[in-house]
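In terms of UniProt numbering, the sequence shown is residues 1 to 395. For every residue, glycine included, the Cβ atom is placed at its ideal position computed from N, Cα and C. One structure below.
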Amino acid sequence: MQEQQSQKYLDKKIKSNPMKKLTTTYGKAIVLAVTLLLIQETQAQTTSNSNDDSNWFDEITSRVNPYASIRIGAGFDEDGEIGIGNNAPRAGIRFKHALSPNEGDNFNAIGRVELGFNLVSRDETIEFAVDPGAGIAQVGDAVFSRLGWLGITYKDFQLTFGKQNSVYYTLGAVEVDKTLAFGGAGIGVWNIADGGVSGTGRANQVMILKYAKNGLSLGAQAQVRNISENNESIDTYGFGANYRIDGFGIGVGYNKVNDGVEDPLPDQAKEGDESFIVSASYEKNRFTVAASYAILNQHQQVGDVFYDGTGLEFFGRYKFSKNERWHLGLGYNYLKPKEDENLGDFDTKFVITELAYRFKKSSYISASSRIDQSKDINGDNRRSSIFGIGIRFDF
């Protein structure tokens with residue numbers, strides 16, 4: 001039923017495409033704003049420093065930082081199925097433009113645009129990432145928008161607008177979802193594709209205010225959109241807090257949907273959607289360990305049923321070589337509906353093992369496994385374990 005509903009929705013999107021038109025317009029607006037800002041500064045510098053040897057290329061590159069991460073994996077499951085799949089490859093630009101000559105003010109215009117790519121067809125059997133990378137309307141597209149936002153910083157504050165990582169994820173989920181493959185399934189960040197609709201992942205149409213000083217980070221967010229008959233002035237809201245000291249980190253996050261509906265379409269949130277997360281981490285020398293626990297109400301979905309549940313993610317890593325290039329990683333993801341949800345023995349439960357070599361900053365060759373013990377409603381295994389190799393090349 002849900003698959004038929006989703007297909008009808010996607011067919012409708014292809015015909016009318018109002019959201020894609022909005023996305024295109026929004027993307028153009030971001031690019032235009034960035035371009036005008038850079039041109040303005042270049043002209044100002046040229047006027048005030050007519051004898052300056054710098055050219056327009058130097059002016060732009062001093063403010064814009066392009067980046068990319070190519071991520072592909074190949075593997076097989078315990079039934080002998082072989083596949084090659086994406087692992088969330090992406091590319092983008094960050095920019096930062098000073099609005100005050102006094103560096104102590106930290107008064108800047110900032111922004112980020114990031115695109116995702118399906119370098120190979122998404123393999124539903126040999127799947128290396130829970131997060132498909134795209135929003136629900138763009139899953140399967142060759143190129144799609146992952147992030148796009150603009151904002152300002154001043155002193156210890158940052159205010160941003162657009163599609164961006166939520167405070168639930170960036171402040172609440174401390175150091176988890178760090179395995180190179182397979183993780184991110186236990187704490188509700190990536191519900192219904194990329195978590196953009198509910199606001200726990202890469203939140204759509206969101207305003208975020210953050211404060212950071214002396215290891216303490218605080219954040220608040222609000223999504224404003226018109227996607228259901230239950231539209232509110234603030235359609236979702238969330239809070240996050242994070243504190244780090246001497247290698248220790250603690251985090252907490254909360255997110256609530258106000259415009260949910262009882263029987264949502266794929267681009268709508270469920271009525272009663274509410275998420276809470278608490279996390280802790282410790283890092284010293286070559287050793288890192290982290291864990292997060294989440295309470296999720298009407299946030300996760302199986303078939304056409306949304307349910308209340310609890311989840312857990314654990315991550316550990318040890319860099320065992322002297323040059324700290326080799327590491328062993330271990331992860332655990334667990335998600336279980338509450339007993340009164342009438343979903344029987346259904347759960348998500350798997351262990352991740354990882355051996356990786358870092359050949360440059362943030363670039364890895366890895367061998368990983370997902371030892372899967374997830375059950376269906378009847379208590380039977382619903383997914384096969386997977387073994388694979390992967391490469392992540394960042395530049």
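The beta carbon of F107 is closer than 6 angstroms to those of L99, S100, Y154 in its chain, skipping five residues each way along the sequence.
Restricting attention to beta strand (DSSP E) runs no shorter than 3 residues, the region 195–241 encloses them at 202–213, 216–223, ordered along the chain. For L180, DSSP assigns no beta-bridge partner whatsoever.
Pairwise C-beta distances place the region 205–214 in contact with the region 144–158, as three or more of them are shorter than 8 angstroms.
Within a 10 Å sphere around the beta-carbon of A203 sit 16 or more other beta-carbons, which makes this residue buried. DSSP places V64 in the strand class (E or B) of the three-state scheme. Shown here, D273 sits in coil according to DSSP, grouped into three states, outside any helix or strand. Scanning V143, G260, G195 for the CA closest to the CA of R90 turns up V143. The C-beta of S228 has 16 or more other C-beta atoms within 10 Å across all chains shown, which makes the residue buried. In this structure, the straight-line span from the alpha carbon of R317 to that of Q298 is close to 32 angstroms. Put simply, the backbone Cα of I352 is about 35 angstroms away from that of E262.
Looking only at V64, N86, K338, D58, the smallest Cα-Cα distance to R392 is reached by N86. If you draw a straight line from the Cα of I234 to the Cα of G196, it comes to about 15 angstroms.
When C-beta atoms of the region 176–194 are compared with those of the region 230–244, fewer than three pairs fall below 8 angstroms, so the two segments do not count as touching. When secondary structure is reduced to three states using DSSP, E175 falls in the coil class, being assigned neither helix nor strand.
Taking a 10 Å sphere around the C-beta of L328, we find fewer than 16 other C-beta atoms and assign the residue as exposed. Apart from the 5 residues on each side of it in sequence, T160 sits with its Cβ closer than 6 angstroms to the Cβ of W149, G151, I208 in its chain, given in chain order. One thing to note: T179 has its Cβ no nearer than 8 angstroms to the Cβ of N191.
Residue range 90–98 is occupied by the beta strand (DSSP E) that includes K96. Residues G186, Y293, Y334 of the same chain have their beta carbon placed closer than 6 angstroms to that of L312, with the five preceding and five following residues left out of the count.
DSSP places V120 in the coil class of the three-state scheme, outside both helix and strand. If you draw a straight line from the Cα of F276 to the Cα of A109, it is about 32 angstroms long. In the DSSP secondary-structure assignment, I295 is bridged to F276, T310. Looking at the DSSP output, G260 shares a beta bridge with no other residue. Ranked by how close their Cα comes to the Cα of F315, the residues V167, E274, N65, V289 have V289 in first place. Per DSSP, reduced to three states, the secondary structure at V167 is helical. DSSP places E339 within a helical segment (H, G or I) once states are collapsed to three. Taking G172 as the centre and dropping the five residues before and after it, the same chain places the C-beta of G240, G251, V252, G253, I277, S279 closer than 7 angstroms to its C-beta, in chain order.
DSSP, reduced to helix, strand and coil, places D131 outside both helices and strands of the structure shown, so it counts as coil. Cα atoms of A193 and G135: separation of roughly 6 angstroms, rounded to the nearest angstrom. In this structure, the beta-carbon distance from S366 to I389 falls below 8 angstroms. Beta-bridge partners assigned by DSSP to Q301: F306. For E127, the closest C-alpha among the options Q300, K338, R71, L115 is that of R71. Per DSSP, reduced to three states, the secondary structure at G104 is helical.
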